[in-house]
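Taking it in order: structure first as structure tokens, then the write-up.
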Amino acid sequence: MLASRTHIAASATAMVHGLVQDLKRQGHTVYNLSIGEPNLPNAPEIQNGALEAIERNQNAYPPSPGFEEVRETAAAWVNRTCGTRFAASNTLVTAGGKFGIFLSLQALVEAGDEVVLVAPHWVSYPSMIQLFDGKARVIQSHMEKGWKISPEELAAACGPTTKVVILNNACNPTGSLYTREELAALLAVVPPHCWILADEVYSGLCYDGRPYASCGQFEEYADRSIVIQSCSKNFGMTGWRLGFVFAPASFIEVLIKLQGQSITSASGLSQWAALAALQNAEHIQRSVREALEERRNIFIEGLSARFSPFPKPAATLYCFLPLSYFGVSHQDDIRFCKELLEQAHIALVPGTAFGSPGFVRCAFGETPEHLVACLDKLQEYFKKS
Ligand code: PLP
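Following this note's numbering from start to finish, the sequence shown increments by one per residue and tops out at 373.
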């Protein structure tokens, strides 16, 4: 018999992705707004970073914490772009931000511990919490309030058994972004016995010139703050599976042991590609952000023109729409997405996957041409129905 911990939900985004691939294999054109990644070619520097490592025959096991050069360069990068003060000893190089979150929760959560998170939330948090026998304590945020919670709501959710508070800024799936002042007010009410797990993998995708505020900027909480970062969205490197954890050195030491006894290390080749990205971060991040800001504008302006005005998300590559936006009277987002995929081959992700039924997530990481084709198809479908 399998261990009971295997009874976790499959990733809803991965499931939709699988259905999309099935339809494509059957020869259908799929209008894909489900995919949470920038559809962009890698910058030549990233490609060369990996190619040169192959030519140098760098094929040995990397050290578990990550190559020292990568740790140092990653710390310098996050300090420059997010105003933090991390050293190489505060840095773990790992297989994507996702595994960084997994390792951090593995290190912290024991049976019965509560983990506070805000819905709509990234699909994987509840399953990871469940894997470590923790209890998710969910604060529901609301569209009318810009999908942001207040310090009062956060304070009320934290209790003596709260071990971790997850703050995902900017937020997948809503695209909301807390300012430094808002973040400071939230952090101030997190009880001193709680760890702060700051998932900041979208820090580079803030639009209209908005600055990014990192939880790592607040020295007063540095001894219990963990910042998750990633090359995936910042540099358009999702497939390389490369991310970072920045945290107190003693915590990183624990994660190094956990990583060493599980995956050994992040892939060496991906680390060399990431090093090249980090060394050329300013212009690579700018070009990824500019491309996605353009796609956000095309998508939201196109949606607003075809349906009704909808505000542009401040960050990320997502917008989170209520079903009523499309004029449907029911609240069954799973049925809605299923019908849309079956009848029009349009792929969205149901809000239920993010803990918020009655909504759908649209991702605008696809090419401008594809986004326009999706918008036309959406309009055609809803005109008919
Ligand atoms: N955190 C959030 C909020 C995400 O949306 C994602 C990916 O979609 C991740 C973490 C994991 O990113 P990766 O493992 O690609 O670095």
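Where a beta carbon is used, it is the ideal one built from N, C-alpha and C, also for glycine.
Legend entry - Any chain D beta carbon closer than 9 angstroms to TYR166: Protein chain content of the structure displayed is limited to a single chain, and chain D is not contained in it.
Legend entry - Limits of the alpha helix (DSSP H) - the one that GLY256 falls within: 256 to 267
Legend entry - Other residues of its chain near GLY375: CB distance less than 7 angstroms, five sequence neighbours each side excluded: Any property of residue 375 remains undetermined from this structure, which presents the chain solely from -11 to 373.
Inset, instruction - May I ask you to verify whether the segment 140 to 157 touches the segment 104 to 124, counting CB pairs closer than 8 angstroms and requiring at least 3? - result: yes
Inset, instruction - Leaving aside the five residues before and after ILE137 along the sequence, list all residues of the same chain whose C-beta is less than 7 angstroms from its C-beta, in chain order. - result: VAL106, ILE127 and SER129
Inset, instruction - State the start and end residues of the unbroken alpha helix (DSSP H) segment that holds ARG168. - result: 168 to 176
Legend entry - Of the listed residues TRP260, SER344 and CYS307, nearest to PHE55 (C-alpha basis): TRP260
Inset, instruction - Kindly confirm or deny that the segment 72 to 89 and the segment 270 to 287 touch, where touching means at least three C-beta pairs closer than 8 angstroms. - result: no
Inset, instruction - In angstroms with no decimal places, state the Cα-to-Cα distance between MET3 and LEU363. - result: 23 angstroms
Legend entry - Delimiting residues of the alpha helix (DSSP H) encompassing VAL81: Counting along the chain, VAL81 falls outside any alpha helix (DSSP H), though it belongs to the beta strand (DSSP E) covering 79 to 82.
Inset, instruction - Within its chain, find whatever has a CB closer than 8 angstroms to the CB of GLN319; leave out the 5 residues flanking it on each side and keep chain order. - result: LEU311, PRO345 and GLY346
Inset, instruction - Using three-state DSSP, classify TRP135 as helix, strand or coil. - result: coil
Inset, instruction - Would you identify the three-state DSSP class for GLN319, choosing helix, strand or coil? - result: coil
Inset, instruction - From the DSSP output, read off the bridge partner residues of GLN35. - result: In the DSSP output, where bridge partners are listed per residue, GLN35 has none listed.
Legend entry - C-alpha distance - GLY231 paired with ARG125, whole-angstrom precision: 26 angstroms
Inset, instruction - Return the Cβ separation of SER164 and GLY134 in integer angstroms, given the expectation that the two are a contact with Cβ distance under 8 angstroms. - result: 6 angstroms
Inset, instruction - May I ask whether a heavy atom of the ligand FMN can be found less than 8 angstroms away from the beta carbon of ARG68? - result: As for the ligand FMN, it is missing from this structure, which binds only the ligand PLP.
Inset, instruction - Could you tell me the boundaries of the beta strand (DSSP E) in which ASN156 lies? - result: 150 to 156
Legend entry - Cβ pair count under 8 angstroms reaching 3, the segment 169 to 187 against the segment 199 to 212: yes
Inset, instruction - Any chance you could list the beta strand (DSSP E) runs of at least 3 consecutive residues sitting entirely within the segment 65 to 129, in chain order? - result: 79 to 82, 102 to 107 and 123 to 128
Inset, instruction - Could you tell me which residues DSSP puts in a beta bridge with ASP187? - result: ASN156 and ILE216
Legend entry - For GLY353, the nearest candidate out of LEU193, LEU96 and GLY88 (CA to CA): LEU193
Legend entry - the segment 141 to 149 touching the segment 283 to 292, judged by at least three CB pairs closer than 8 angstroms: no
Legend entry - Boundaries (first-last residue) of the beta strand (DSSP E) holding GLY231: 231 to 234
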